[in-house]
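Novice: Heads up: the sequence lines are chains W and H, in that order. Following this note's numbering, the numbering of the first sequence begins with 25 at its first residue and continues without gaps. Following this note's numbering, the numbering of the second sequence begins with 10 at its first residue and continues without gaps. Where is the CB? At the ideal position from N, CA and C, for every residue including glycine.
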Amino acid sequence: MSSSNGMIGQAVKRVEDKRFITGKGRFTDDIVLAGQTYAAFVRSPYAHAKILTVDIEAAKELPGVIKIVTGADVAHINGVPVGWQVNFKNGDTMKEPKHPLLLADKVRQVGDPVAMVIAETREQAVDAVEAIQVGYEELTAVVNAAEAIKPGAPLVHQEAPNNICFDWELGNPKEEVEEAISGAAHVTTLELVNQRMIPNAIEPRSYIGSYDAANEKYTLYTSTQNPHLIRLLMSAFVLGVPEHKVRVIGPDVGGGFGSKIFHYTEEALLTWASKEIGRPIKWTAERHESFIMDAHGRDHITKAEMGFDEDGKIVGLRVKTLANLGAYLSTFSPCVPTYLYGTLLQGLYTTPKINVDVTGVFTTTSPVDAYRGAGRPEATYLIERLMDLAALEMGRDPAALRFNNFIPPFDGVDQPGYQTQVALQYDSGNYEGVLTKGMEMLGYTQFREKQKEASQNGKLLGVGFSTYIEACGLAPSSIAGALGARAGLYEVGQVRVQPTGKVSVFTGSHSHGQGHETTFAQIVSNQLGIPMEDIEINHGDSDSVAFGMGTYGSRSLAVGGSAIVKSLDKIIEKGKKIAAHKLEANEDDIDFAHGNFTVKGTDKSVTFGDIALTAYVPHDYPTGLEPGLDFSSFYDPANFTYPFGCHIAVVEVDKETGGVKLKRFISVDDVGNIINPMIVEGQIHGGIVQGIGQALFEGAAYDENGQLTNGSYMDYCLPRADDVPLFETANQVTPCPHNPLGVKGAGEAGTIGATPAVVNAVIDALWSGGHKVKDILMPLTSERVWRAMQPPVN
Amino acid sequence: MEIHVKVNGVEYHHEVEPRLLLVHYLRDVLRLTGTHLGCETSVCGACTIHVDGKAAKSCNMLAVQADGCEILTIEGLAKKDELHPLQEAFKENHGLQCGFCTPGMIMAAADFLQDMPNLSEEDIQHALKGNLCRCTGYHNIVKAIMQAAEKMKEVTV
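If you want it as structure tokens, here you go:
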């Protein structure tokens, strides 16, 4: 990548902000199409039940009702598909039961849709839903993965014996790891629950399905993170309609955090039904529907053992995890607790032997899929909790224990990438650097003195470390394919230079808060030497953007940005040909910098704008060269990118109540090169609060009947402004060696790093007061922390 | 029922169903879609507007309850092309990401800064309890409101 006007690394204020701060954003629910109708759903009140009868007669007669669709009406349509395949250890394909658009025979989660009403108004649709009578025979629910695999547990799907979707293993042979751990001087054992999280984008999911009979074309407006993938899955795998006759538009989207990656049944239903009734149909989730119908995240039960030699070097790690997948496989479900989790268990350490064994389990709960970080927070939580606990148990310093085990620095250029025991090759890293910097920011030595002093005064102060790594920039297609992805994970970037030298970029990445319209424009501005206001970034419309794999896995800049760079390179290359002709020079003698094509060593030059005009008005033009200046590129990364960092939490625990006060939060993140530091810092902040949310506040609470008991903002504790401190953030830069921007991705770092740091800090505080507890279930409510401090009851 | 309201300085008369929420009246009838609906339970604050000069959650009011009231929404906050100091400050401080909670955040802050112009960072954190943001981690929202508060004091002095 050549650079020119210095836009890279600048905290440019966001281009997209103006419409949002003035109320002019255009979210799906803001859109009203001519003749639009409204949908509402009859949803199961039971987690597990047979459907005996569905009586729609009374509802049909209500004012405004246009059509009522039941499970029987759509039984001929496929269910929503799964994008990843994981095989059993014996090679058998995972169990992949149909995920129907509407249920006809049996419901398997609270909220399962049994019928859809379409009416003239939202209120009329809801009235009709109330009038539909469904007869159920309740079956026994099974909520917990450990219960679900027990013999005799109720079966969620007949085709999945013992409710097992797959079992899966990665790493060194079990016996080698067993040998390493049995010979260890110290073994730290932890049984952990990584609780189920509810993503809670503040914009509820919203869709409008529409059919244009004149052109035989469907349009779906959807609050999605990846419009093209929705188009592909819905047209080819669900509805069986021609892909070119489906347009999917993801307009402004109010946060996703993973939950809007997936293809949801409502998208396909509304699209299908819009043709049936010949009018557009809108559905927007109410918050109680979001809580049960958006895919959830995490939900692991894990037993892990980490062995150390007498010098405090890790000799082995053994992990066994039960992953709750919920009632159906969502689009990415199978890859999250396997390839995005097991592959990260090397952490930042030289652990020589690792084995991870994962069983994916169906239960009568909402589907579980990727939630910000997706698998990597679960891996990091495990490793980093083990590290701090091992330090406490062995009487070693947790920072020193890490320094003793870090993989030494490597740049991935002169020094090779680091081959892990769990399939990945890290690209570049300087892990000691981030911890050193974090400790300086904290004032580690002073903190320990303060902690000692506090404990003498009856106060519990604690510090928790988390040095994390993640695999981002999803993903090299060949590796993704080998790992079970049923699609490539490249990205598309088109750069269209207009005749006047203005530039329209079309990217397959989708922005829903990440600021692509700014960051991507900075890249273009830098490369072409033109002002930001001459550039427009277009995304989210399958009819204007050639193709795209969407935004998730911190991939937009590393993969989507790189695709744009490829096209910019082609623009400049062609521009040089035109410039050489105009300047009567050899093409090899043309330099391009600061928006000018110049003959080397002379002052003969022509501007980018002139070249653009010449390309479109090619009266005096190189022979054999096509007119126009418009290139599209597919960028398929050579490897994942591996951002890493160090997060440090300082807490004070109230001895009387168990209340945890987060006093400080320090992060040093290495996300490779940074295009816009303001945006990167914002991503880190938001991620940290989601990580803190998991540690201290959030978690789905199901009762034994499969009812979500905290499915509202009154009951589910999202972090509020006064729950978190202001953050102390810093960066280290270790460029990614294999993409043209040298970037690694920043979207998930905060969520991955923060959770273990906070929990480790609370455990450290308790140990400072003599309470040698190994674990407290997340979220660490004051009751749980208080109970952990009480003497055991005989 | 018939209601008469003044929204962003414009008078409206409409016949509405008694059960129509104020937020739906603003969004669907007046097509002022800058006011967002996030939770229908008054917790998330995305629907915050001003009713007779005070912040109110428009998902928790019926349109008929607003009869005779003067309403200000995010669309009416800027004076022609001149952004309100809060709008400026949210942009300057990267106080928004996806932008969905932003109108509610700005309207809530516009209200509490009127009453309490000299807030500390901690005060602002407390004052924002009624507005949820899932993107920003609140840090930059607090910074933005601090900056806007300073600017608003200059304007009023």
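Note down the Cα distance separating W:E240 from W:G497, rounded to an integer number of angstroms.
Specialist: In a straight line, the C-alpha of W:E240 is about 37 Å away from that of W:G497.
Novice: If you check the beta carbons only, do W:Q148 and W:G88 fall under 7 Å apart?
Specialist: A contact, by the Cβ cut-off of 7 Å.
Novice: Per DSSP, what kind of secondary structure is H:C68 in: helix, strand or coil?
Specialist: DSSP places H:C68 in helix when its eight states are reduced to three.
Novice: Go through the stretch 219-305 of chain W residue by residue and report every complete run of the alpha helix (DSSP H) that reaches 4 residues or more, in order.
Specialist: 251-256, 289-301, all fully within the stretch 219-305 of chain W.
Novice: H:T111 to H:L105, Cα distance in whole Å?
Specialist: Straight-line Cα distance between these residues: approximately 6 Å.
Novice: Residues in the same chain with beta-carbon distance under 6 Å from W:S26, minus the five sequence neighbours each way, listed in chain order, please.
Specialist: Caution is warranted here: a pLDDT of 49 is assigned to W:S26, below 50, making its placement in the model unreliable, and the coordinate value is therefore given only provisionally. Around W:S26: no qualifying Cβ.
Novice: Name, please, each residue of chain W whose Cβ falls closer than 7 Å to the Cβ of H:N149.
Specialist: Going along chain W in sequence order, the residues near H:N149 (Cβ under 7 Å) are G706, H709.
Novice: Using a Cβ-Cβ distance under 7 Å, would W:G33 count as near chain H?
Specialist: False, the Cβ-Cβ gap to chain H never drops below 7 Å.
Novice: So that I know if they touch, is there some Cβ in chain H lying closer than 7 Å to that of W:S26?
Specialist: With a pLDDT of 49 at W:S26, under the threshold of 50, the modelled position of that residue is not reliable, and no figure is offered here.
Novice: As a quick exercise: from H:V60, H:D61, H:C78, H:Q156, pick the residue whose alpha carbon is nearest that of H:P126.
Specialist: Measuring from the Cα of H:P126, the nearest candidate turns out to be H:Q156.
Novice: For W:N379 and W:G537, I'd like the C-alpha separation in whole angstroms.
Specialist: Rounded to whole angstroms, W:N379 to W:G537 spans 37 Å at the Cα level.
Novice: Classify W:S26 as helix, strand or coil using the three-state DSSP reduction.
Specialist: Caution applies to W:S26, whose pLDDT of 49 falls short of 50 and renders its modelled position unreliable; the value that the coordinates give is listed next. Reduced to three states, the DSSP call for W:S26 is coil.
Novice: Could you give the DSSP three-state label for W:A617: helix, strand or coil?
Specialist: W:A617: strand per DSSP, three-state reduction.
Novice: For W:K299, go through chain H and note every residue whose CB falls closer than 8 Å to its CB, in chain order.
Specialist: Going along chain H, no residue has its Cβ under 8 Å from W:K299, so there is no contact; the nearest lies around 25 Å.
Novice: So, are the CB atoms of W:G336 and W:V201 less than 7 Å apart?
Specialist: For W:G336 and W:V201, no; Cβs fall outside 7 Å.
Novice: Answer yes or no: do W:E402 and W:H324 have a C-beta to C-beta separation smaller than 7 Å?
Specialist: Yes, the Cβ-Cβ distance between W:E402 and W:H324 is below 7 Å.
Novice: Flag this pair as touching only if the stretch 165-174 of chain W and the stretch 60-73 of chain H have three or more C-beta atom pairs under 8 Å; answer yes or no.
Specialist: The answer is no - the stretch 60-73 of chain H does not touch the stretch 165-174 of chain W, with fewer than three Cβ pairs under 8 Å.
Novice: Using DSSP with H/G/I as helix, E/B as strand and the rest coil, what is W:F427?
Specialist: Three-state result, W:F427: helix.
Novice: Looking at H:T57 and H:M116, is the spacing between their C-beta atoms short of 7 Å?
Specialist: Yes, these two residues count as a Cβ contact at 7 Å.
Novice: Residues in the stretch 41-71 of chain W with C-beta within 9 Å of chain H's C-beta atoms, listed in sequence order?
Specialist: From the stretch 41-71 of chain W, only D41, K42, R43, F44, I45, T46, G47, K48, G49, R50, F51, D53, D54, I55, V56 have a Cβ closer than 9 Å to chain H.
Novice: Pairing CB atoms from the stretch 774-792 of chain W with CB atoms from the stretch 580-596 of chain W, are three or more of them under 8 Å?
Specialist: Result no; under three Cβ-Cβ pairs closer than 8 Å.
Novice: From what residue to what residue does the alpha helix (DSSP H) around W:H605 run?
Specialist: Element bounds for W:H605: 586-607.
Novice: Determine the extent of the beta strand (DSSP E) in which W:N379 is found, giving its start and end residues.
Specialist: Here the beta strand (DSSP E) through W:N379 covers 378-386.
Novice: Got a sec: is the Cβ-Cβ distance from H:F109 to anything in chain W below 7 Å?
Specialist: True, the Cβ-Cβ gap to chain W drops below 7 Å.
Novice: Whose Cβ in chain H lies nearer than 7 Å to the Cβ of W:A724?
Specialist: The premise fails here: W:A724 is roughly 16 Å from chain H at the closest Cβ pair, so nothing lies under 7 Å.
Novice: Roughly how many whole angstroms lie between the Cα atoms of H:A72 and H:A153?
Specialist: If you take the alpha carbons of H:A72 and H:A153, they lie about 32 Å apart.
Novice: In whole angstroms, what separates the C-alpha of W:A96 from that of W:P137?
Specialist: The straight-line gap from Cα to Cα measures roughly 12 Å.
Novice: Where H:G146 and W:A394 are concerned, what is the direct C-alpha to C-alpha distance, given to the nearest angstrom?
Specialist: Rounded to the nearest angstrom, the two C-alpha atoms are 20 Å apart.
Novice: Could you check what DSSP says for W:S566 in three-state terms: helix, strand or coil?
Specialist: In this structure, W:S566 counts as coil in the three-state DSSP scheme.
Novice: Would W:E183 pass as a contact of W:K122 if the rule is Cβ separation under 7 Å?
Specialist: In this structure, W:K122 does not lie closer than 7 Å to W:E183 by Cβ.
Novice: Counting only Cβ pairs nearer than 9 Å, list the residues of chain W close to H:I80.
Specialist: Going along chain W, no residue has its Cβ under 9 Å from H:I80, so there is no contact; the nearest lies around 13 Å.
Novice: With a threshold of 7 Å between beta carbons, is W:F544 in contact with chain H?
Specialist: Cβ-Cβ to chain H under 7 Å: no for W:F544.
Novice: Quick check on W:A177: does DSSP put it in helix, strand or coil?
Specialist: Of the three classes helix, strand and coil, the one that applies to W:A177 here is coil, per DSSP.
Novice: Between the stretch 100-112 of chain W and the stretch 503-514 of chain W, can you find at least three pairs of beta-carbon atoms closer than 8 Å?
Specialist: They touch, by the three-pair rule.
Novice: Taking the C-alpha atoms as reference points, what is the distance between W:A209 and W:F430?
Specialist: Cα to Cα, W:A209 sits roughly 19 Å from W:F430.
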